[in-house]
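*Asks:* This note's numbering puts the sequence shown at residues 2 to 146. Just so it is clear, CB atoms sit at the ideal spot from N, CA and C, and this is done for glycine as well.
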Amino acid sequence: MKIRSKLRQQGALMIELVLTLPILLAVIFAIVEYSVLLGAMLIMNNTTSEAARQATVYRSGFAVSDYEVLAQDALEDMLPSYVGSFRDSVVPSVNSFACGDSTCLRVRLDYPNYSSNPLVGNSFFIPLPENLSAESTTRVEPNDG
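#1: Hey, could you find the ends of the beta strand (DSSP E) serine 134 is sitting in?
#2: On the CB-based measure, 16 or more other CB atoms within 10 Å of its CB, does tyrosine 115 come out buried or exposed?
#3: Would you please state the rounded distance, in angstroms, between the beta carbons of methionine 45 and leucine 110? I believe it to be under 8 Å.
#4: According to DSSP, is leucine 71 helix, strand or coil?
#5: Mind reading off the beta-carbon distance from alanine 75 to leucine 106? Whole number of angstroms is fine, and I expect it under 8 Å.
#6: Can the beta-carbon of proline 113 be found closer than 8 Å to that of valine 95?
#7: Hey, out of Leu25, Ser97, Met42, Gly101, whose CA is closest to valine 108's CA?
#8: What first and last residue would you give for the beta strand (DSSP E) that runs through serine 116?
#9: What separation, rounded to the nearest whole angstrom, lies between the Cα atoms of threonine 138 and alanine 72?
#10: Starting from the C-beta of valine 31, find all residues in its chain whose C-beta is less than 7 Å away, skip the five residues before and the five after it, and write them out in chain order.
#11: Please classify valine 91: does DSSP put it in a helix, a strand, or coil?
#12: Cβ of valine 70 less than 8 Å from any chain C Cβ?
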């Protein structure tokens with residue numbers, strides 16, 4: 002009688018494992034995929050901030066178009082350090098505009114069609130954003146010294 006009871010308990014444990022394992026694996030996969038997504042967004046945000054900073058710090062007397070070229074060059078210098086589809090899929094853009102009595106510089110990175118070309122692989126059950134984008138705006142400060 003004890004052997005039969007023990008076999009039933011093992012069978013019940015096996016059924017519980019079969020029912021819960023797919024859910025646990027899906028949760029783990031979602032955690033990994035969203036971690037990569039948030040990491041990509043952080044990289045894009047830091048890259049735009051750094052490109053805007055490099056284009057404007059310690060520089061004055063340039064034309065507005067020169068700041069745009071400097072920011073574009075900074076983006077192109079930073080993007081090759083990233084690997085794979087991230088580097089190839091990101092679309093940079095730089096523009097300047099008047100803000101008050103000075104000029105502001107806007108640096109933007111877009112990752113179009115992220116949901117169809119994610120960094121981790123296609124996910125059939127985890128919702129992903131269609132596009133990723135990061136934008137940084139900085140004021141072009143005059144260099145007085």
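*Replies:* Taking the structure as given:
#1: 133-140
#2: buried
#3: 5 Å
#4: helix
#5: At roughly 11 Å, the Cβ-Cβ gap does not stay under 8 Å, so alanine 75 and leucine 106 are not in contact.
#6: no
#7: Ser97
#8: Counting along the chain, serine 116 falls outside any beta strand (DSSP E), and DSSP gives it neither H nor E.
#9: 11 Å
#10: For the record, residue 31 in the displayed sequence is alanine; it is not valine. These residues qualify, in order along the chain: Ile127.
#11: coil
#12: Absent here is chain C; the protein component of the structure consists of one chain.
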